[in-house]
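Everything on this sheet refers to the single structure shown next.
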Ligand code: SF4
Ligand code: SF4
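Numbering (the working numbering), first residue to last: 1162 to 1601.
Written out as structure tokens, the structure is:
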């Protein structure tokens, strides 16, 4: 079958058991819990996580974030990026092997379904070499039908974060949302049925910049040639590689780890489980394990090295800024600007009028009445319509300030606009601006 590389050798990964497969089960359960349960858990009247794109709001663990919190979102994204850099420099591609949704869905759904319907590696290879029969067609149709079902369920779960799980699953979502579910389902189906390991090798951006993030002291899966070579049947007595190829046939990326570390390797540990099984039965140490290239050379692996120090420092700095920003987050935000094109006008009664536009954003999920007061202008009269913001609403409110001309004042008066709860209770925001007038 053709792949991006021109020729593709289909990978028939054999099933394997072992301690790293148990870790796969745990990480799979956790990822599925996040995907399928989180959108249904209500906290503070909203799902634990919901991204409301049309209203530009994110509900997270009982807090509501809106467009005014873009800085926080940027900080979180930077934190996630540097966490990935830091984590990768120490532990290599453990994300790919244990947490990446691509790996988890293939491990937890697709390969078990394939094994259940078409058998393990040998049966599938034998079947694929035969002409199409009614039985083979039925098996293939059943397998692909189940793949399509899994793709649809995963797509619905993913879209629940955006459209709301109860609405989506009870067919009360919008047509755009169901269209997106359809597109995502098709993409996932193509991945499950055909693309698989090629996604990691040719499309995944994270895989592409691996070599820049790792070095000889990052954790990888490696074969120990000092113990393993020369390989062959004679090695049974010496603890070398008996060339059983178990580590090769279980590999979902279709590589032979005995050829040395390769960028295709997602460090899933399947080859380690396979080799441990073989070598423990023979009474020897396994030849494939997690380790570093430095260890293999006989050097010591350093955790503290320039790149990990730089990443750790940046991470700590970003985490501190995020913490301070979150704890100092205001219940509402306000900015004031002079109305476009206006400086001042003189009314019929001789009062000087300045007009401003007050932009207020309610950061919380409650209705918020606000009051505006002005300081610094003697005898000023402020006219502003009552403000009552719906949850997370942003409003532009005209504020008119009028003041008589004062003999002792200049043409520009500093003034402070206070925005806060009616009656002066709660947090006030003080906004500095100026009042323009004429000489007496
Ligand atoms: S070589 Fe081993 S760790 Fe790497 S992808 Fe293959 S089975 Fe997983
Ligand atoms: S599983 Fe171990 S013994 Fe078997 S081929 Fe691989 S490295 Fe050699």
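By construction, the Cβ of each residue, glycine as well, lies at the ideal position given by its N, Cα and C atoms.
These numbers come from a predicted model, not from an experiment.
Does DSSP put residue 1267 in a helix, a strand or coil?
Helix at residue 1267.
If you reduce the DSSP assignment to three classes, tell me which class residue 1512 lands in.
The answer is coil: DSSP assigns residue 1512 none of H, G, I, E or B.
Using the C-alpha atoms, what's the distance from residue 1421 back to residue 1377?
The straight-line gap from Cα to Cα measures roughly 13 Å.
In chain order, what are the residue ranges of uninterrupted beta strand (DSSP E) at least 3 long that sit wholly in the region 1236 to 1284?
Correct list: empty.
If you draw a straight line from the C-alpha of residue 1250 to the C-alpha of residue 1548, how long is it?
Distance between the alpha carbons of residue 1250 and residue 1548: 52 Å.
Name all residues in chain order for which at least one heavy atom of ligand 2 lies closer than 7 Å to the residue's CB.
The set, ordered by position in the chain, is 1384, 1389, 1392, 1402, 1403, 1404, 1405, 1406, 1407, 1408, 1409, 1419, 1432, 1435, 1436, 1439, 1440, 1447, 1448, 1449.
May I have the straight-line CA-CA distance separating residue 1173 from residue 1411, to the nearest angstrom?
Cα-Cα distance, rounded: 8 Å.
Write down the C-beta distance between residue 1408 and residue 1389 rounded to the nearest angstrom, noting that I regard them as a contact closer than 8 Å.
Actually they do not touch by this definition, with Cβ atoms about 10 Å apart.
Could you work out which residue in 1429, 1595, 1540, 1453 is closest to residue 1258 when comparing CA atoms only?
Among 1429, 1595, 1540, 1453, the Cα nearest to that of residue 1258 belongs to 1429.
Classify residue 1163 as helix, strand or coil using the three-state DSSP reduction.
Its pLDDT being 42, under 50, residue 1163 is placed unreliably in this model, and the value from its coordinates should be taken loosely. If DSSP states are grouped into helix, strand and coil, residue 1163 belongs with coil.
Given the structure, does residue 1249 come close to ligand 1, in the sense that its CB is under 7 Å from one of the ligand's heavy atoms?
False, no ligand heavy atom lies under 7 Å from that Cβ.
Cβ atoms of residue 1380 and residue 1252: under 8 Å apart, would you say?
Yes.
Express the C-alpha separation of residue 1501 and residue 1372 in angstroms, rounding to a whole number.
In a straight line, the C-alpha of residue 1372 is about 53 Å away from that of residue 1501.
CA-CA distance, residue 1289 and residue 1345?
Between residue 1289 and residue 1345, the C-alpha separation is close to 28 Å.
What is the residue span of the beta strand (DSSP E) that residue 1315 lies within?
Counting along the chain, residue 1315 falls outside any beta strand (DSSP E), though it belongs to the alpha helix (DSSP H) covering 1295 to 1324.
Rounding to the nearest angstrom, what Cα-Cα distance links residue 1487 and residue 1272 in this structure?
Computed Cα separation, rounded: 43 Å.
Could you compute how far the alpha carbon of residue 1211 sits from the alpha carbon of residue 1431?
Whole-angstrom Cα-Cα distance: 35 Å.
In whole angstroms, give me the CA-to-CA distance for residue 1522 and residue 1355.
Rounded to the nearest angstrom, the two C-alpha atoms are 48 Å apart.
Please report how far the alpha carbon of residue 1237 lies from the alpha carbon of residue 1216, in whole angstroms.
Distance between the alpha carbons of residue 1237 and residue 1216: 20 Å.
What is the DSSP secondary structure of residue 1360, counted as helix, strand or coil?
Of the three classes helix, strand and coil, the one that applies to residue 1360 here is helix, per DSSP.
Specify the secondary structure class of residue 1494 as computed by DSSP and reduced to three states.
DSSP places residue 1494 in strand when its eight states are reduced to three.
Could you check whether the region 1550 to 1565 touches the region 1507 to 1521, counting it as contact only if at least three pairs of C-beta atoms, one from each stretch, sit closer than 8 Å?
Contact holds: three or more Cβ-Cβ distances are below 8 Å.
Identify, in the order they occur along the chain, each residue of the same chain with its Cβ nearer than 8 Å to the Cβ of residue 1330, setting aside the five sequence neighbours on each side.
Closer than 8 Å at Cβ, skipping near neighbours: 1317, 1321.
Is the beta carbon of residue 1579 sitting closer than 8 Å to the one on residue 1539?
No, these two residues do not count as a Cβ contact at 8 Å.
What residue does the alpha helix (DSSP H) around residue 1469 start on, and which one ends it?
Residues 1467 to 1488.
In terms of alpha-carbon separation, which member of 1368, 1229, 1584 lies closest to residue 1495?
It is 1229.
Tell me which residues share the same chain as residue 1551 and place their Cβ nearer than 8 Å to its Cβ, disregarding the 5 neighbours each side in the sequence.
Excluding residues within five positions, the ones whose Cβ falls inside 8 Å are 1523, 1528.
How about residue 1527: is its Cβ closer than 7 Å to a heavy atom in ligand 1?
Every heavy atom of ligand 1 is 7 Å or more from the Cβ of residue 1527, so no.
Would you decide whether residue 1279 is buried or exposed? Buried here means 16 or more other CB atoms lie within 10 Å of its CB.
Looking at its Cβ environment, which holds 16 or more other Cβ atoms inside 10 Å, residue 1279 is buried.
Closer than 7 Å: is that where the CB of residue 1465 sits relative to any heavy atom of ligand 1?
Outside the cutoff, so no.
Could you tell me if the beta carbon of residue 1413 falls within a distance shorter than 7 Å of some heavy atom in ligand 1?
Correct: residue 1413 has its Cβ closer than 7 Å to ligand 1.
Please confirm whether residue 1536 and residue 1506 have their CB atoms less than 8 Å apart.
Cβ distance not < 8 Å, so residue 1536 and residue 1506 don't count as in contact.
Assuming residue 1590 and residue 1413 make a contact with CB atoms under 8 Å, what is their CB distance in whole Å?
Contact flag wrong, Cβ pair sits at about 56 Å.
Taking the alpha carbon of residue 1482 as the point to measure from, which residue in 1497, 1201, 1239 has its own alpha carbon closest?
Among 1497, 1201, 1239, the Cα nearest to that of residue 1482 is on 1239.
Does DSSP put residue 1596 in a helix, in a strand, or in coil?
Correct three-state label for residue 1596: strand.
Is residue 1171 helix, strand or coil when you go by DSSP?
It is coil, neither helix nor strand.
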